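Student: Just passing along the structure, written as C-alpha cells.
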Amino acid sequence: MTAPCYLCGKDAIVEGLCNTCYDEQHPLMEVSTPLAVLACKKCGSVKVPGGWKKIAIGEMNAEELADAQMDIILEQEIKLFHKGITLSLEEVKKLDRVTHIIVTATGQSHESIPPHDEEHPVEIRFSYGTCDTCGMMSGGYYEAILQMRADGREISDDEKKELTKRVTETTVARYKSDDKAFVTMIDDNKFGIDYYIGSEHLGKELADDFESQYIAERKENYKLVGEDKTGKKKYRITILIRLPRFSIGDFLLVSEQPCQVLAMGRGNLTCYNLIRRDRFTINPKNPKWRTIQFLAPIADRREFMVVTHVFGQPVQIMDSVNFDVSEVEESAFDSEITSGATIHGLLVEDYLYILPDQTELDDTQKR
552 MTAPCYLCGK DAIVEGLCNT CYDEQHPLME VSTPLAVLAC KKCGSVKVPG GWKKIAIGEM
612 NAEELADAQM DIILEQEIKL FHKGITLSLE EVKKLDRVTH IIVTATGQSH ESIPPHDEEH
672 PVEIRFSYGT CDTCGMMSGG YYEAILQMRA DGREISDDEK KELTKRVTET TVARYKSDDK
732 AFVTMIDDNK FGIDYYIGSE HLGKELADDF ESQYIAERKE NYKLVGEDKT GKKKYRITIL
792 IRLPRFSIGD FLLVSEQPCQ VLAMGRGNLT CYNLIRRDRF TINPKNPKWR TIQFLAPIAD
852 RREFMVVTHV FGQPVQIMDS VNFDVSEVEE SAFDSEITSG ATIHGLLVED YLYILPDQTE
912 LDDTQKR
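552 is the number of the first residue of the sequence shown in this note's numbering; add one for each residue after it.
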C-alpha cells in the first residue's frame, strides 16, 4: 500500500509528497518582481552588475531592442533550480515604460515526476541613462591618435575609404569586448587622415594591421595629459603610420628592373617583373628591398587594342587614346594573343612594356 502525501493525503511519490505537492515545494525557478532595467538611451546597452552589457543593435527596431534588453535582465535575475528547464516569455501588457510578461518554465522538479509548466508574472520597469562608453564618446574622450600619411604623395580618396572601412570593421568587432572601442573623431586633412580612438589597445591593433598590410613605416609618441584620481599619470599615444610612395598597381624599379606591384600584405610585396615576365615576392628583410625606386603611378599605364596578329610576326596594337599603331614582338605577351583584345602597357624611355592581365588588379581596386 502506498503511503499518503503528508500534506494533502494523495498517494506519495517522492519524499512523502505527491506530484503536485512536491512540485509546489520544489519550484523550477525563482524571479523577483518588479525588475528594473536601466538602458542607455544612445546605444541600448543595459546596466548589469560590474558594468554595462552591450547589444549589437544592427537593424533592430524599438520592439526588438526592448526584447533584447529584457532578455539580459531576466538572464541576470532568474534562478533555475533544476537541470533541463526551458523558458518561454509571453507579453501580457505593455505601457510606455512598463511591460508585464509571463515567464513560463517547463521541466521536472524530480526525475520521478512528469514535466510540468510553472508560470511567473513579472513586471519590468524601464529607465534610461547614458552608459560609460557613450559618456566618454560624448565628452570627446580618446587615448590614441592614429595618423595615416604617405611618403612623397597624398593619400588617395580610395585609400582613405579603405582605411576608414577597416577602422570601422575592427572597431565594431571589438565593441563588445572593449568599452573604449570607439572612434571619437576622424580628421581628413591636407596631410592625410587622423583617427581619434577611445582605446589605446584598439589604436595599436589598427596600427599593427596597417603597418603589415601596407609595409609602412611606424613611429609612436606618448604625451602626458594629466593624472587620474589616484595620482597615476595618464598618457596619450600618437601613432604615425607612413604608407610607402607606391601602392597596388604602381610601377617600381627593383634592382633597376621595371616591375608592377600586384599585391601588398603581411609584410610582403608581390611584384611582376616586366622584363623577366614573372612574379616574385619581396619584403624589407630582402637585400633587394634597398634597391626599390618609384617608377610611375598606375595612372601612367596605357590601354591598347590588338589590331592584327599573324603567327611568327610582330603584333600590331593601337593606342586607345591617340589611335597610334605600333608593333610589339610576340615574346612580350604572356597569354594567347587575340585580335580585338584589350591589353595594357607602360612606356619607359620610349620602350613599351606589355603588362600582365590587369583584370584582377582592377577588380581589387574597385573593391
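Quick reminder that beta carbons are idealized off the backbone N, C-alpha and C, glycines included.
Since we're looking at a predicted model, the values are computed, not measured.
#1: Please determine, among A847, P865, G800, G896, the residue with the shortest C-alpha to C-alpha distance to D914.
#2: With respect to the beta strand (DSSP E) encompassing V776, which residues constitute its N-terminal and C-terminal limits?
#3: Let me check one thing: in DSSP terms, what residues is G816 bridge-paired to?
#4: Considering only residues of the same chain and omitting the five flanking positions on each side of E694, which have a CB-CB separation below 8 Å?
#5: Going by the DSSP bridge assignment, what does C594 pair with across the sheet?
#6: Find out if the Cβ-Cβ distance for the pair L791, K770 is shorter than 7 Å.
#7: Tell whether a beta-carbon distance below 7 Å holds between R676 and A587.
#8: V866 and E878 look like a contact to me (Cβ under 8 Å); what is the Cβ gap, rounded to whole Å?
#9: By how many angstroms is the C-alpha of T650 removed from the C-alpha of E614?
#10: Kindly list the residues whose CB is nearer than 6 Å to the CB of G595, restricted to its own chain and excluding five residues on each side of it in sequence; keep chain order.
#11: Taking the CB atoms as reference points, tell me whether E641 and A656 lie closer together than 7 Å.
#12: Buried or exposed: which applies to K630, given that a residue is buried once 16 or more other Cβ atoms fall within 10 Å of its Cβ?
#13: Kindly indicate which residue of G691, S806, L906 has the alpha-carbon position closest to the one of H895.
#14: So the candidates are V718, G690, K561, R796; which of them puts its Cα closest to the Cα of P848?
#15: Got a sec: is the Cβ-Cβ distance from G777 to anything in chain E below 7 Å?
#16: Please return the same chain residues whose Cβ sits closer than 7 Å to the Cβ of Y692, not counting the five positions on each side in sequence.
#17: What residue ranges within the stretch 838-872 form continuous beta strand (DSSP E) runs of no fewer than 3 residues, ordered along the chain?
#18: Rounded to whole angstroms, what is the Cα-Cα separation between T910 and T721?
#19: Using alpha carbons as the reference points, say which of A563, I843, C591 lies closest to M939.
#20: Taking the continuous alpha helix (DSSP H) assigned at H752, which residues delimit it?
#21: Our contact map puts S660 next to Y746 with C-beta atoms below 8 Å; I'd like the distance itself, whole angstroms only.
#22: Quick check on this structure: which residue in H667, D851, L775, C822 has the alpha carbon closest to the alpha carbon of K839?
#23: Compute the distance between the beta-carbons of Y726 and L825, then report whether it is under 7 Å.
#24: Give the DSSP bridge partners of C810, in chain order.
#25: Looking only at DSSP bridge pairs, what is T553 linked to?
#26: Leaving out five residues on either side along the sequence, give the residues of the same chain with a beta carbon under 6 Å from the beta carbon of V565.
#27: What does DSSP give as the partner residues of G680 in its beta bridges?
#28: Candidates K644, T893, N612, C810: which alpha carbon is nearest M856's?
#29: Can you say whether F632 is buried or exposed, counting buried as having 16 or more other CB atoms within 10 angstroms of its CB?
#30: Alpha carbon to alpha carbon, what distance is there between G818 and S763?
#31: Between which residues of its own chain and E756 is the CB-CB distance below 7 Å, once the five residues before and five after are set aside?
#32: Within 10 angstroms of its Cβ, does G743 collect 16 or more other Cβ (buried), or is it exposed?
#33: Does the distance from the C-beta atom of V673 to that of T584 stay below 7 Å?
#34: Are L804 and L846 close, meaning C-beta to C-beta below 7 Å?
#35: Sort D702, I623, Q844, C685 by Cα distance to V812 and report the nearest one.
#36: So, under 8 Å CB-CB, K645 and I623 are touching, yes? Tell me the CB distance rounded to an integer number of Å.
Tutor: Straight from the coordinates:
#1: Closest option to D914, Cα to Cα, is G800.
#2: First-last of the beta strand (DSSP E) with V776: 768-778.
#3: Beta-bridge pairing links G816 to N819.
#4: Only K731, I748, G749, S750, E751, G754, R787, I788 meet the Cβ criterion.
#5: Residue pairing by DSSP leaves C594 without any beta bridge partner.
#6: Taking 7 Å as the Cβ cut-off, L791 and K770 qualify as a contacting pair.
#7: When the beta-carbon positions are compared, R676 and A587 come within less than 7 Å of each other.
#8: That belief holds up - the Cβ atoms of V866 and E878 are roughly 7 Å apart, short of 8 Å.
#9: Approximately 11 Å between the Cα atoms of the pair.
#10: Closer than 6 Å at Cβ, skipping near neighbours: I606, I608, L616.
#11: Not in contact: E641 and A656 (Cβ atoms no closer than 7 Å).
#12: Result: exposed.
#13: The shortest C-alpha separation from H895 is found at L906.
#14: Of the listed residues, the one whose Cα sits closest to P848 is R796.
#15: The structure shown has no chain E; it contains just one protein chain.
#16: Correct list, in chain order: T735, G749.
#17: Complete beta strand (DSSP E) runs here, min 3: 844-847, 853-859, 866-870.
#18: Looking at the two C-alpha atoms, the distance is approximately 29 Å.
#19: Limits of the chain in this structure are 552 at one end and 918 at the other, which puts residue 939 out of reach.
#20: Per DSSP, H752 belongs to the alpha helix (DSSP H) from 751-765.
#21: With 8 Å as the limit, S660 and Y746 do not qualify as a contact, their Cβ atoms being about 56 Å apart.
#22: If we check each option's Cα against that of K839, C822 comes out closest.
#23: Contact: no.
#24: Looking at the DSSP output, C810 sits in a beta bridge with L803, N824.
#25: Residue pairing by DSSP places T553 in no beta bridge whatsoever.
#26: Cβ neighbours of V565 beyond the five flanking positions: Y573, H661, S663.
#27: For G680, which the question treats as bridged, DSSP gives the partners C591.
#28: Ranked by Cα distance from M856, the first of K644, T893, N612, C810 is T893.
#29: Its Cβ having fewer than 16 others within 10 Å, F632 is exposed.
#30: Straight-line Cα distance between these residues: approximately 5 Å.
#31: If we look at E756 and ignore the five residues flanking it on each side, its Cβ neighbours are T721.
#32: It counts as buried.
#33: Against a cut-off of 7 Å, the Cβ pair of T584 and V673 comes out as a contact.
#34: Against a cut-off of 7 Å, the Cβ pair of L846 and L804 comes out as a contact.
#35: When D702, I623, Q844, C685 are compared, the shortest CA-CA separation from V812 is found for Q844.
#36: So it is not a contact: roughly 18 Å between Cβ atoms.
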